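Here's the structure, in structure tokens; my notes come after.
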Amino acid sequence: MTADLDLSARKGLPAELQTLLAQFPRAAWPAAPGFHGLAAFWLDRHIGFRDMLATLAREAEAMVDGKMPPERWRQRVSAIGGHLVQDLLGHHQIEDDAYFPQMVQLEKRLSHGFEILDRDHHALDGLLDGFVKGANKALQAKDARSAAGRFREGLVPFERQLIRHLEDEEDLIIPVILKHRMR
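When we follow the working numbering, the leftmost residue of the sequence shown carries the number 4, and every step to the right adds one.
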């Protein structure tokens, strides 16, 4: 894989992997026949991941600003962070084991895209491990305000790469779902 396709550097999917996206542009997804099944469910899961990240970032900033009690912040990091990690791991496992192989069979010309997404999942495993270590360190720190600041700084690269992956995954798989009316 070339460096520009690595999750940490990628700006989007290569043009040859966006052929179905041209036929099924994002703006038209909600009106597409079959959208309100698997496609809407998939996007809803991704929105949930984005929301959890945004909440973690917003609440870390509130902690740094002294607008949240330390014990409440610790509870929220533990609960939301735990859900984020478990939900992402489960989501990626079902994609790798079930959905991606099925989609490759439907759209063999996009197989390289699914290889990219699979590599992303391996990269995200490392990022999730770093997230867990950073969260645990923050939760155990005596100075919660400083810990929240460091935790927020650590979220930035994780958030950037996860969002890149989610957007690229959506651009590849939602058009496949819509084209083939997958359930």
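No residue lacks a Cβ here, since even glycine has one placed at the ideal position from N, Cα and C. All figures in this text were calculated on a predicted structure; none of them were measured in a lab.
Helix, strand or coil for residue i per DSSP?
i      : result
Pro178 : helix
Phe27  : coil
Ser11  : coil
Gly33  : First, the residue type needs correcting, since residue 33 is Pro and not Gly in the sequence shown. Pro33: helix per DSSP, three-state reduction.
Arg184 : coil
Asp146 : coil
If you follow the alpha helix (DSSP H) that residue i is in, where does it begin and where does it stop?
i      : result
Met55  : 43-67
Met106 : 103-109
Gln21  : From DSSP, Gln21 is part of no alpha helix (DSSP H); its letter is neither H nor E.
Ser114 : 114-143
Ser81  : 73-97
Cβ of residue i versus every heavy atom of the ligand ADP: is any distance shorter than 8 Å?
i      : result
Asp121 : Within the structure as shown, the ligand ADP is missing, as the structure has no ligands at all.
* Three or more C-beta pairs closer than 8 Å, one from the stretch 56-75 and one from the stretch 15-33: is that the case here? -> no
* Are three or more beta carbon pairs between the stretch 169-184 and the stretch 36-45 nearer than 8 Å? -> yes
* Asked: Is it a yes or a no for the stretch 121-134 touching the stretch 32-41, going by three-plus beta-carbon pairs under 8 Å?
  -> No, the stretch 121-134 does not touch the stretch 32-41.
* Answer yes if the stretch 139-150 comes into contact with the stretch 159-169, meaning at least three C-beta pairs across the two stretches below 8 Å, and no otherwise. => no
* To do: Flag this pair as touching only if the stretch 109-118 and the stretch 174-184 have three or more C-beta atom pairs under 8 Å; answer yes or no.
  => At 8 Å Cβ cutoff, the stretches touch.
* 3-residue-minimum beta strand (DSSP E) runs that sit fully inside the stretch 149-174, ordered along the chain -> Runs of the beta strand (DSSP E) inside the stretch 149-174: none found.
* Asked: Do the stretch 64-80 and the stretch 92-112 make contact, defined as three or more Cβ pairs closer than 8 Å?
  -> no
* Contact the stretch 150-160 vs the stretch 17-24: 3+ CB pairs below 8 Å -> no
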